[in-house]
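Let me begin by presenting the structure, written as structure tokens, before commenting on it.
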Amino acid sequence: MRSYLTSAFVLFSSIITMAQQDKNEVYFPLEDVATLSGIITIAYNGISGEAGTSRQLEKMKSLYAPNAIIFKNTSIKGKPSRKVLTLNEFYSEMGNIRESGFFEEEINREVRIFGNIAQVWSTYQVRHDKNGPIIRRGINSLQLHFKDNRWWILSWGWDGESETNRIPTSFDSY
151 MRSYLTSAFV
161 LFSSIITMAQ
171 QDKNEVYFPL
181 EDVATLSGII
191 TIAYNGISGE
201 AGTSRQLEKM
211 KSLYAPNAII
221 FKNTSIKGKP
231 SRKVLTLNEF
241 YSEMGNIRES
251 GFFEEEINRE
261 VRIFGNIAQV
271 WSTYQVRHDK
281 NGPIIRRGIN
291 SLQLHFKDNR
301 WWILSWGWDG
311 ESETNRIPTS
321 FDSY
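In this note's numbering, each number is its position in the sequence shown, counted from 1, plus 150.
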């Protein structure tokens with residue numbers, strides 16, 4: 151009986167794992183998330199779009215590991231602050247960018263990989279129109295983990311450029 155239960159548990163766990171992997175593969179082919187370049191490109195493209203267009207949020211969530219966090223660095227009354235968000239909180243705040251066009255484009259990338267973890271510094275610029283003027287710039291910090299033959303985003307944080315927080319030359323355009 152015990153070996154039957156063990157076998158049933160292993161089979162059930164395998165089915166769940168395959169279903170989870172298939173769900174993510176339905177959203178993005180495995181080869182698209184098997185490279186850092188692929189997953190980062192998908193993430194940038196996924197939040198960008200013309201005014202009034204919806205973003206495929208469930209599809210975008212499949213890029214992230216369970217319990218991943220999003221954090222943005224801000225300034226409150228001139229003092230540095232940080233706001234940490236769950237994926238659901240982040241995507242609910244994205245309503246503002248759907249009302250106006252939002253195009254975030256990567257202009258530089260610095261990558262460090264050790265084993266199955268990666269740290270990516272991704273310099274970005276934002277426009278309201280695809281070819282319009284740049285409205286802001288900054289640097290995204292991404293932490294990723296390689297598991298099940300693909301990369302998963304563990305966290306994504308950013309800090310915007312300002313008069314007192316300039317993007318260093320080494321992080322500027324390619």
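Just so you know, even glycine gets a beta-carbon here, dropped at the ideal spot from N, CA and C.
Work out the CA separation of residue j and residue i for me, nearest whole Å.
i: Asn-258; j: Asn-195; result: 15 Å
i: Arg-286; j: Phe-296; result: 31 Å
i: Phe-321; j: Glu-249; result: 30 Å
i: Asp-298; j: Pro-179; result: 13 Å
i: Arg-262; j: Gln-269; result: 5 Å
i: Met-210; j: Ile-192; result: 8 Å
i: Asn-266; j: Ile-190; result: 16 Å
i: Arg-300; j: Glu-181; result: 8 Å
i: Arg-277; j: Phe-264; result: 34 Å
i: Leu-294; j: Thr-273; result: 17 Å
Between which residues of its own chain and residue i is the CB-CB distance below 7 Å, once the five residues before and five after are set aside?
i: Ser-198; result: Phe-252, Phe-253 and Glu-254
i: Leu-237; result: Lys-211, Tyr-214, Ala-218 and Ile-220
By Cβ distance, which residues of its chain are closer than 6 Å to residue i, with the 5 residues on each side in sequence left out?
i: Glu-311; result: Arg-287, Gly-288 and Ile-317
i: Gly-188; result: Asp-182
i: Glu-260; result: Trp-271
Would you grab the beta carbon distance between residue i and residue j for me? Rounded to a whole angstrom, and I think it's under 8 Å.
i: Phe-240; j: Ile-220; result: 4 Å
i: Asn-223; j: Gly-307; result: 7 Å
Could you name the residues of the same chain whose beta carbon sits closer than 8 Å to that of residue i, not counting the 5 residues immediately before and after it, in chain order?
i: Asp-172; result: For Asp-172, the pLDDT reaches just 42, beneath the cut-off of 50, and the residue's location in the model is therefore unreliable, although a value from the coordinates is still provided. Excluding residues within five positions, none has a Cβ falling inside 8 Å.
For this session: Let me know the alpha helix (DSSP H) ranges lying completely inside the stretch 177–257, each 4 residues or longer, listed in chain order.
Result: 180–183, 186–197, 207–211, 237–243 and 245–249
Exercise. Using 8 Å as the threshold, is the stretch 256–275 in touch with the stretch 199–207, meaning 3 or more CB pairs across them?
Worked result: no
Exercise. Quick one: complete beta strand (DSSP E) runs, 3+ long, within the stretch 267–292?
Worked result: 267–277
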